[in-house]
Amino acid sequence: MITLFAVFASFIFGVIFFSVCLSGKNVFENDKYKWDGEDGTDELINKVKKLARYYPVCGQREILIEECSELIKSVQKFKRFGTLEEYENMRKEMADVYIMIIQMLLYHGDEQIFEYINQKLDRQLARIEEGN
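Okay, structure coming up:
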């Protein structure tokens, strides 16, 4: 499951890498995103929006790469050692990657990404139902 998260983060980075700086679109025109909600995420998203407005997207790509790398390393350490300390470190790295993914969604919009996510989830669920 955690490795799947790292793969997803890498996929998101790939999509973003090729679309960065090409659109020129103001991604803050629409302040409502699909993952805004009443479950406490509004405050979290607003904090990430402040970061996204402050930091330029090109520099944040580099940070995304770094954070994904740190997550992969922490997953491997937890897998190898299985300590509570490694588990907590892995969770912290997951939080860093999650923040970066939210920033990338803010920079590039979320509509198409959510379509891709739904397609991939539907495909995987179909595989499970088929027994593969």
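When the sequence shown is numbered by my numbering, its final residue is 126 and no position is left out of the sequence of numbers. Note that CB positions come from ideal geometry on N, CA and C, so glycine has one too. Small disclaimer: the values here were computed from a predicted structure and weren't measured.
Between the C-alpha atoms of residue i and residue j, what's the straight-line distance to the nearest angstrom?
i: residue 107; j: residue 43; result: 18 Å
i: residue 113; j: residue 91; result: 22 Å
i: residue 97; j: residue 123; result: 34 Å
i: residue 52; j: residue 59; result: 11 Å
i: residue 55; j: residue 37; result: 23 Å
i: residue 105; j: residue 111; result: 10 Å
i: residue 118; j: residue 125; result: 11 Å
i: residue 68; j: residue 48; result: 28 Å
Taking Cβ positions, are residue i and residue j nearer each other than 8 Å?
i: residue 64; j: residue 79; result: no
Which of helix, strand or coil does DSSP assign to residue i?
i: residue 123; result: helix
i: residue 110; result: helix
i: residue 36; result: helix
i: residue 90; result: helix
i: residue 49; result: coil
i: residue 116; result: helix
So, under 8 Å CB-CB, residue i and residue j are touching, yes? Tell me the CB distance rounded to an integer number of Å.
i: residue 61; j: residue 84; result: 13 Å between Cβ atoms; not a contact.
i: residue 115; j: residue 46; result: Actually they do not touch by this definition, with Cβ atoms about 25 Å apart.
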